[in-house]
Amino acid sequence: MVTQNATRSTFTWPPQQLWDRTWTDDGLYKKYGLAKDDIYFIKSQIRPMEINLNEEKALAVFENYKIRRIYDEKTETWLFSVVDIIAALIQQPDYQTARKYWNKLKERLKKEGNQSVTNCHQLKMEAAGGKNT
Numbered sequence: 546m547v548t549q550n551a552t553r554s555t556f557t558w559p560p561q562q563l564w565d566r567t568w569t570d571d572g573l574y575k576k577y578g579l580a581k582d583d584i585y586f587i588k589s590q591i592r593p594m595e596i597n598l599n600e601e602k603a604l605a606v607f608e609n610y611k612i613r614r615i616y617d618e619k620t621e622t623w624l625f626s627v628v629d630i631i632a633a634l635i636q637q638p639d640y641q642t643a644r645k646y647w648n649k650l651k652e653r654l655k656k657e658g659n660q661s662v663t664n665c666h667q668l669k670m671e672a673a674g675g676k677n678t
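Quick note on this note's numbering: the sequence shown kicks off at 546 and runs consecutively.
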């Protein structure tokens, strides 16, 4: 069951990941000691992203949810839409509902004394229909 009324005890924080090298899927599977069944499940749910560095914008797809992203050539990193990721995680097809969920989650984290993200600016990303959000 998916609900937005999850308590803090529902979640666990992922381990700190060092980014001192380029990680491969196999390297991460080994590091975290994933079983063959876990690896099979992951591979069955996530399609590989085809990176076309000539395109600044491309969609990633996770369980049929489109996730907007932008490639930053200067830092050689992909920047993903948090709202799109939230929509996929809570299986919410409506953008506005996912946006409100993210805003409420940030509000709750702040009240608990947690910081959801580093101090950064919101990026303008193209929405369906060509409008920037």
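We put the CB at the ideal spot given by N, CA and C, even for glycine.
Here's the rule: buried if 16 or more other CB atoms are within 10 angstroms of the residue's CB, otherwise exposed. What is residue i?
i      : result
Val606 : exposed
Ile631 : buried
Ala580 : exposed
Asn550 : exposed
Gln637 : buried
Asp629 : buried
Gly658 : exposed
Below 8 Å on the Cβ atoms is my guess for residue i versus residue j; work out the distance and round it to an integer in Å.
i      : j      : result
Ile612 : Phe625 : 6 Å
Glu608 : Ala633 : 6 Å
Taking the C-alpha atoms as reference points, what is the distance between residue i and residue j?
i      : j      : result
Trp564 : Leu650 : 26 Å
Gln660 : Tyr585 : 34 Å
Tyr646 : Lys656 : 15 Å
Ile615 : Val627 : 12 Å
Lys588 : Gly572 : 14 Å
Trp623 : Asp617 : 6 Å
Gln562 : Thr642 : 30 Å
Gln590 : Arg644 : 24 Å
Glu621 : Glu652 : 31 Å
Thr552 : Pro560 : 20 Å
Thr567 : Tyr577 : 16 Å
Tyr574 : Leu654 : 30 Å
How is residue i classed by DSSP in three states: helix, strand or coil?
i      : result
Ile635 : coil
Asp617 : strand
Trp623 : strand
Tyr646 : helix
Glu671 : strand
Tyr610 : strand
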